[in-house]
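Q:
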Amino acid sequence: MTDSIFGIFPVLPTPFADDGGVDRVAMRKLVAFAIEQGASGLVFPGFASEVEHLSGDERTELLGIVAEEARGRVAVVAGASAGSEDEVIAHGSTARRLGIEYVMVQPPVAIGSSAQAVTRFFDEIARGLPNVGIVLQNAPAPRGSDLSPETILKIAAEVPGIAYVKEETLPAGPAISAIMAKKPESLAGAIGGGGARYIIDEFRRGACAAMPAVELTDIHAEINSAFRSGNLADARKLYGRTLPLLVLQAIFRMRLTKHVMMRRGILTNARVRAKIPPMDRFTIEDIDANLALLGLIEDPN
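Numbers in this note's numbering are just positions in the sequence shown, counted from 1, shifted up by 1.
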């Protein structure tokens, strides 16, 4: 594998057209935006992409667009989570045919959280995808398996095809510290999730990358740059400025992401398929005020 995962890898949303179908032109615009704003790589599809609401054909077509637009510019991590090993391998094989070297996989909740069961699951995937690096996504319950650091270390030691762990359980920081302290040589590093709401703590504990949503890619790239250059004070200042918006993003998820991308001139609507709380006038005014404070749009007042 020629690419590594380091820096800011935003998870791209899925843009939908007014007729409810996927918007292919807007997908290309999202990729261009993320790269132009300093993304080190891209992730698609993920939870923030409304992957559970995409058909198989939509998922494949959009991943192809992302891979085509990103090729030669930044790395891509393909979301490949599914309910069975065969489905994951199929998604991973599609990604590999598109030239993608990493897949991110969340173990199905249905298999349980024992090291033995999850190791068996990932071992089968690694055998089926021998030339692909696996990112083990550890999400909190009830969406994820909420694996302990000790369990993750056992799994990674048994399955060298696992190259990274994306740690999203709460609190993620201590888990990242525990993983980094005892990781096997085959495990390249840990990645932060949680929408970058804990990005400074994750970086200080050794996380090599973060995978937030896309709407603040430029500021997250600045945070990463400041931190990596040893300027923790500036990284903290930038981080503090993002928090009011990220608090709202934790509630309104893709709907907020798409609204911000509308305000930033990339999308033409904020249509979602997922069941997410609607944003009323007061919420939108709050979001826009925070965008203005960040200098991303003109002051609406």
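We put the beta carbon where it would ideally sit given N, CA and C, even for glycine.
Compare the Cα-Cα distances from Ile-126 to each of Met-280, His-92, Ile-192 and report the closest residue.
A: His-92
Q: Can you name, in chain order, every residue of its own chain whose Cβ lies under 6 Å from the Cβ of Ala-349, other than the five neighbours on each side?
A: The requested residue 349 does not occur in the structure, where the chain is confined to residues 2 to 302.
Q: Which residue comes first and which comes last in the alpha helix (DSSP H) that contains Ala-290?
A: 282–294
Q: Thinking C-beta only, is Glu-169 closer than 9 Å to Gly-194?
A: yes
Q: Determine the DSSP secondary structure at Phe-1, reduced to helix, strand or coil.
A: In the structure as shown, the chain begins at 2 and stops at 302. Residue 1 is therefore absent and cannot be evaluated.
Q: Taking just the CA atoms, how far does Ile-9 sit from Ala-222?
A: 6 Å
Q: Report the rounded CA-to-CA distance for Val-136 versus Met-255, giving the unit in angstroms.
A: 22 Å
Q: Looking only at its own chain, which residues have a Cβ that is under 6 Å from the Cβ of Ile-6, when we skip the five neighbours before and after it?
A: Tyr-165, Ala-210
Q: Helix, strand or coil for Gly-162, going by three-state DSSP, please let me know.
A: coil
Q: Near Leu-99, which residues of its chain fall below 7 Å by C-beta distance, leaving aside the five closest residues on each side in sequence?
A: Leu-64, Gly-65, Ala-68
Q: At the level of alpha carbons, what is the spacing between Asn-270 and Pro-245?
A: 23 Å
Q: Have a look at the DSSP bridge pairing and note the partners of Asn-139.
A: Glu-168
Q: I'd like the list of long-range same chain contacts for Pro-150, defined as Cβ closer than 7 Å, with 5 residues on each side in sequence excluded.
A: So the list reads Ala-176, Ala-179, Ile-180, once near-sequence residues are dropped.
Q: My assumption, with CB atoms under 8 Å, is that His-260 sits in contact with Ile-285. Please give the rounded CB distance.
A: About 7 Å separates the Cβ atoms of His-260 and Ile-285, confirming a contact at the 8 Å cut-off.
Q: Please identify the residue among Ala-27, Ala-76, Ala-49 whose C-alpha is closest to the C-alpha of Glu-40.
A: According to the sequence as given, residue 40 is Ala; it is not Glu. Considering only alpha carbons, the answer is Ala-76.
Q: Taking only runs of the beta strand (DSSP E) that begin and end inside the stretch 78–115, which ones reach a length of at least 3 residues, in chain order?
A: 103–106
Q: Where does Ala-127 sit, in a helix, a strand or coil, going by DSSP?
A: Of the three classes helix, strand and coil, the one that applies to Ala-127 here is helix, per DSSP.
Q: What does the alpha-carbon distance come out to for the pair Asp-87 and Pro-108?
A: 13 Å
Q: Tell me whether the stretch 23–30 and the stretch 284–302 touch, counting them as touching only if at least three CB pairs, one residue from each stretch, are closer than 8 Å.
A: no
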